[in-house]
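Undergrad: I am attaching a structure below and will ask some questions about it afterwards.
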Amino acid sequence: MNKFFCILISSLLLFSSGNSDDKINFKLESYQGVVLKILNKVSTNRFEIISPIGQYLELQEHKLIIFRCVVLDKNKNNEHLALIKFEPTEKNENFPEFLGWLVKSSPSLNGVEHPIFDIKLENCLENDPLFPNVKSIK
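The sequence shown lines up with residues 24 to 161 when you count with our numbering.
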């Protein structure tokens, strides 16, 4: 699935159809932080995580790290993408590892398939949030 996203992003950046008046302009910008929404499917608790890029976070016997958050700007229609790794702190066959891109506009396209957690990308943050922040959403 990750190869699919690499090919998709590359093709969007490299190819545009039509003459020069019809060209679609793409701009890829790296951002410094991320906002994620997490649902615990068992307890129905919801959390919002605001984190800088590269920060490890502990989440109920799981580790989460955000490697990159980018915004693909195509003619003023922004697409937010985040590269994350979500894995259990100890090897467990019931809790698979996830390494891939989350897409804000299509969360089911390449989402984290986990029996307990549902993780969705809310936004990429242009400025570094400095410290991770986890808050409960009611």
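All C-beta atoms, glycine included, are put in the ideal place defined by N, C-alpha and C.
Going by CA-CA distance only, name the one from Ile76, Ala105, His85, Leu87 that's closest to Pro130.
TA: Locating residue 130 in the sequence shown gives position 107, counting from the first residue. The candidate whose alpha carbon is nearest that of Pro130 is Ala105.
Undergrad: Return the first residue and the last residue of the beta strand (DSSP E) that His103 is part of.
TA: Position 80 of the sequence shown, counted from the start, is the residue given in the question as residue 103. Run containing His103: 100-111, per the beta strand (DSSP E) assignment.
Undergrad: What's the call for Ile172, buried or exposed, on a 16-neighbour Cβ count within 10 Å?
TA: Past the edges of the chain, shown from 24 to 161, lies residue 172, and the structure says nothing about it.
Undergrad: Measure how close the beta-carbons of Lys108 and Ile88 come, nearest whole angstrom, since I'm counting them as under 8 Å.
TA: Counted from its first residue, the sequence shown places residue 108 at position 85. Counted from its first residue, the sequence shown places residue 88 at position 65. At roughly 5 Å, the Cβ-Cβ gap stays under 8 Å, so Lys108 and Ile88 are in contact.
Undergrad: Nearest-angstrom Cα distance between Lys50 and Glu102?
TA: As a working note, residue 50 is residue 27 in the sequence shown. As a working note, residue 102 is residue 79 in the sequence shown. Computed Cα separation, rounded: 10 Å.
Undergrad: Give me the Cα-Cα distance between Glu71 and Cys147, rounded to the nearest whole angstrom.
TA: Sequence index remark: in the sequence shown, residue 71 carries index 48 (1-based). Sequence index remark: in the sequence shown, residue 147 carries index 124 (1-based). Whole-angstrom Cα-Cα distance: 13 Å.
Undergrad: What is the DSSP secondary structure of Lys64, reduced to helix, strand or coil?
TA: Counting from one through the sequence shown, the residue named residue 64 turns up at place 41. Coil at Lys64, not helix or strand.
Undergrad: Is the separation between the beta-carbon of Phe118 and that of Val135 shorter than 7 Å?
TA: Indexing the sequence shown from 1 puts residue 118 at position 95. Indexing the sequence shown from 1 puts residue 135 at position 112. No, the pair does not count as a contact, with Cβ atoms beyond the cut-off.
Undergrad: So, helix, strand or coil for Val126, using DSSP?
TA: Taking the sequence shown and counting its residues from 1, one reaches residue 126 at position 103. Here Val126 sits in strand by DSSP.
Undergrad: Give the range of the beta strand (DSSP E) segment to which Glu81 is assigned.
TA: To locate residue 81, count along the sequence shown from 1; it is residue 58. 79-81 is the span of the beta strand (DSSP E), which, as asked, contains Glu81.
Undergrad: With the cut-off set at 7 Å, would you say Ile76 and Asn156 are in Cβ contact?
TA: The residue you call residue 76 lines up with position 53 of the sequence shown. The residue you call residue 156 lines up with position 133 of the sequence shown. Contact flag unset, no.
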